[in-house]
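Residue numbers (this note's numbering): 160 to 329. Even for Gly, the Cβ is constructed at its ideal location relative to N, Cα and C. Since the model is a prediction, treat every value here as computed from it, not as a measurement.
The following block contains the structure:
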């Protein structure tokens, strides 16, 4: 029987995070949403007003026999700049913070070890939060599969596509 696992990452705009992880072999689904805050069932507008404490995040369902949590962490570190506080590229605000929301103690340990190991690749300190996942709220439908559905939109061409090309995923 296929036993799938979940990983939840915040690394800037969830459209970017979703587009990156959707392209990895072993990833079964990626859902854009909100987590890490206090407001139940937040809307995109509320998250953008920075009144909820939530980050834009992607929840990844994966087959650990095809791709490990450690490999997902490797891609997470390469897909954004974890030394930037509350921003990634043109996106600014606490909802764009870098965070790993772990699902169990094994993920917590792997994330902490990975963060320590990755620090050697950066001149500035990594500020990525590592916190337990409490509740994940799926974002509105128009945010799901955003890059796949809107490849010609300016944000997709100017921000997401270069990221995918850099990671050799497009």
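Quiz item: Looking at the unbroken beta strand (DSSP E) that takes in residue 190, where does it start and where does it end?
Solution: 186-194
Quiz item: Considering only residues of the same chain and omitting the five flanking positions on each side of residue 161, which have a CB-CB separation below 6 Å?
Solution: none
Exercise. Could you tell me which of 280, 224, 203 sits nearest to residue 298, measuring between CA atoms?
Key: 203
Quiz item: Can you tell me the Cα-Cα spacing of residue 266 and residue 217, whole angstroms?
Solution: 16 Å
Quiz prompt | Inter-residue spacing [alpha-carbon to alpha-carbon] between residue 321 and residue 194 | solution = 26 Å
Quiz prompt | Integer Cβ distance of residue 166 from residue 228, believed to fall under 8 Å | solution = 6 Å
Quiz item: Sorted by chain position, which residues of the same chain lie with C-beta nearer than 6 Å to residue 189's C-beta, five sequence neighbours on each side aside?
Solution: 177, 180, 181, 217, 219
Exercise. Say whether the segment 232-246 touches the segment 272-289, bearing in mind that this needs 3 or more beta-carbon pairs closer than 8 Å, one atom from each stretch.
Key: yes
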